[in-house]
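Student: Pasting a structure here, questions to come.
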Amino acid sequence: MANIRLTSVCQAVGGYEKLIDENCKDKDLLALIKYIAEEDRAEKILENQKVLKLPIVRNGKQATVGYQPDVWKNWK
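Just so we're aligned: 57 in my numbering is position 72 of the sequence shown, and the numbers increase by one with no gaps anywhere.
Written out as structure tokens, the structure is:
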């Protein structure tokens, strides 16, 4: 179930790259996630959620990553 939610957020924001926090402290993990095969990326992200940019906010099929109050106030 979590993988389905991650996939839908990924589609809403424009790809896995948008979910990743480039300032993550674990640079080795960050590099691994960036360069592994696309089909393995979701599972590795779910195993290591500390690489995610937060907050992740969903509104139906819409989603944002990071603090974006200007976007949220326009959601209905």
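No residue lacks a Cβ here, since even glycine has one placed at the ideal position from N, Cα and C.
Between which two residues does the beta strand (DSSP E) carrying Q47 extend?
Tutor: By 1-based counting over the sequence shown, the position of residue 47 is 62. Counting along the chain, the beta strand (DSSP E) containing Q47 begins and ends at Q47 to V50.
Student: Suppose contacts are defined by Cβ-Cβ distances below 9 Å. Is I5 in contact with V36 by that definition?
Tutor: What you label residue 5 is simply residue 20 of the sequence shown in a count that begins at 1. What you label residue 36 is simply residue 51 of the sequence shown in a count that begins at 1. It is a contact, given that the beta carbons lie within the stated cut-off.
Student: Starting from I(-11), follow the alpha helix (DSSP H) in both directions and report where the run begins and ends.
Tutor: The sequence position of residue -11 within the sequence shown is 4, counting from 1. Start and end: A(-13) to V(-2).
Student: Does the contact criterion of 3 or more C-beta pairs under 8 Å hold for the region 40 to 50 versus the region 13 to 27?
Tutor: The region 40 to 50 is not in contact with the region 13 to 27.
Student: For T(-8) and A27, I'd like the C-alpha separation in whole angstroms.
Tutor: Locating residue -8 in the sequence shown gives position 7, counting from the first residue. Locating residue 27 in the sequence shown gives position 42, counting from the first residue. Using only the alpha carbons, I get a separation of about 7 Å.
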